[in-house]
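Using our numbering, the letters of the sequence shown map in sequence onto residues 21 to 266. Below is one structure, written out as structure tokens, with a few remarks after it.
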Amino acid sequence: MITSPPKKFIKNPIFISYTSLSDFLKCPRAYYLKNIYRDPKSGHRIQIASPYLSLGSTVHDALKWFLDIAGQTEYNQLEQKFRNYWLKYRGKKGGFGSMEEEAAFGKRGLQMIANFFKNASVLGEAAPSLSFPKYPLGDNLVLMGNLDYAQILPDGSLHVVDFKTGAKDEDDSLQLYIYAILAESNLERPVSAASFWYLDRDDQPRPVVLDSLEPKLKWVREKSFEIKEAIEKGQWTCSPREASAK
Numbered sequence: 021m022i023t024s025p026p027k028k029f030i031k032n033p034i035f036i037s038y039t040s041l042s043d044f045l046k047c048p049r050a051y052y053l054k055n056i057y058r059d060p061k062s063g064h065r066i067q068i069a070s071p072y073l074s075l076g077s078t079v080h081d082a083l084k085w086f087l088d089i090a091g092q093t094e095y096n097q098l099e100q101k102f103r104n105y106w107l108k109y110r111g112k113k114g115g116f117g118s119m120e121e122e123a124a125f126g127k128r129g130l131q132m133i134a135n136f137f138k139n140a141s142v143l144g145e146a147a148p149s150l151s152f153p154k155y156p157l158g159d160n161l162v163l164m165g166n167l168d169y170a171q172i173l174p175d176g177s178l179h180v181v182d183f184k185t186g187a188k189d190e191d192d193s194l195q196l197y198i199y200a201i202l203a204e205s206n207l208e209r210p211v212s213a214a215s216f217w218y219l220d221r222d223d224q225p226r227p228v229v230l231d232s233l234e235p236k237l238k239w240v241r242e243k244s245f246e247i248k249e250a251i252e253k254g255q256w257t258c259s260p261r262e263a264s265a266k
């Protein structure tokens with residue numbers, strides 16, 4: 021089982037998440053633009069709004085509210101929460117090109133939370149919630165994530181579930197591996213199951229088979245040190261293979 025090293029202060033940590041690691045693996049330049057570069061005038065990072073990101077953020081915010089209160093609510097209250105969160109992403113702020121496009125994405129979101137509310141009981145007993153759990157990888161590198169749900173199974177082990185709002189199935193399980201590592205090390209229970217729940221088309225989580233976590237943790241650590249080296253050397257060139265894959 022993955023256990024967390026003793027806690028200690030880490031100066032100037034470099035946080036490694038599934039998203040940032042995926043960006044780096046696709047093209048180091050993409051990692052730089054999303055995680056390092058800041059606008060000279062505003063000092064802010066580049067953030068490009070899109071309907072898909074707005075939909076995902078709103079659905080996840082609504083479901084987090086539902087889970088935080090242990091589902092002690094009626095559907096109309098969950099729907100109202102969703103609508104309230106949606107206000108943050110109205111129009112151009114959410115990347116919508118027209119009112120019709122916004123309405124279509126909003127309808128998809130309502131269908132997702134209705135499906136979730138109808139079938140939420142399949143999740144079973146919840147493990148204690150974690151707010152951005154972390155795992156030190158060495159030097160000033162810290163693995164971090166945001167788990168959607170961790171279920172305590174009858175044998176005491178964990179089932180990690182990630183909610184999905186996209187139209188396509190995931191083609192790799194790296195995200196679940198990272199969440200499993202974070203869950204094991206922070207909740208001190210072994211992870212024996214992991215699933216994606218495609219909220220727009222499945223009425224329950226879809227299991228994914230994970231191999232042993234230790235080799236994957238070693239691989240994540242190695243790739244994280246590659247990111248650290250790129251930061252130190254300022255090298256953000258994509259290889260021809262990476263560029264052609266974009």
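We put the CB at the ideal spot given by N, CA and C, even for glycine. Predicted model only: the values in this text are computed from it and were never measured.
Beta-carbon proximity check, residue i vs residue j, cutoff 9 Å
i                 : j              : result
phenylalanine 216 : glutamate 190  : yes
leucine 87        : serine 149     : yes
alanine 187       : glycine 115    : no
alanine 203       : leucine 178    : yes
threonine 23      : serine 232     : no
proline 48        : tryptophan 256 : yes
glycine 111       : glutamate 122  : yes
isoleucine 66     : tyrosine 57    : yes
Own chain residues within Cβ distance below 8 Å of residue i, not counting five before or after
i             : result
glutamine 162 : Per the sequence presented here, residue 162 reads as valine, with glutamine not at that position. The residues are Ile30, Pro33, Ile34, Phe35, Ile36, Lys154, Tyr155, Pro156.
glutamine 100 : none
alanine 147   : Ala170, Gln171, Ile172, Leu178, Ala203, Leu207, Arg209
aspartate 175 : Ser212
Contacting residues, own chain, Cβ-Cβ under 7 Å from residue i (five flanking each side not counted)
i            : result
proline 318  : The question about residue 318 has no answer here: the residues shown for the chain are numbered 21 through 266.
valine 180   : Leu167, Ala170, Leu196, Tyr199, Ala200, Ala203, Val211, Ala214
valine 228   : Ser193, Leu196, Ala214, Ser215, Phe216
tyrosine 105 : Thr78, Asp81, Ala82
cysteine 258 : Cys47, Pro48, Arg49
leucine 98   : Ala82, Phe86, Ile133, Phe137
Residue i CB to nearest heavy atom of the ligand HEM below 8 Å
i            : result
arginine 103 : With respect to small molecules bound, the structure shown includes none, and the ligand HEM cannot be examined in it.
Strand pairing of residue i, partner residues [DSSP]
i                : result
tyrosine 169     : Val181
methionine 164   : Lys154
arginine 65      : Arg58
phenylalanine 35 : Val162
Contact set for residue i: own chain, Cβ-Cβ below 6 Å, skip 5 residues either direction
i           : result
lysine 236  : Tyr197
tyrosine 52 : Trp256
Touch check for the stretch 121-141 and the stretch 91-105: three-plus C-beta pairs under 8 Å? yes
Counting pairs of Cβ atoms below 8 Å between the stretch 164-173 and the stretch 237-248, do you hit three or more? no
In chain order, which beta strand (DSSP E) runs of at least 3 residues are fully inside the stretch 98-158? 154-158
State whether the stretch 75-89 contacts the stretch 36-51, with contact taken as three or more CB pairs (one from each stretch) at a distance under 8 Å. no
Output the residue ranges of the beta strand (DSSP E) runs that lie fully inside the stretch 171-230 and measure 3 residues or longer, sorted by chain position. 178-184, 211-218, 226-228
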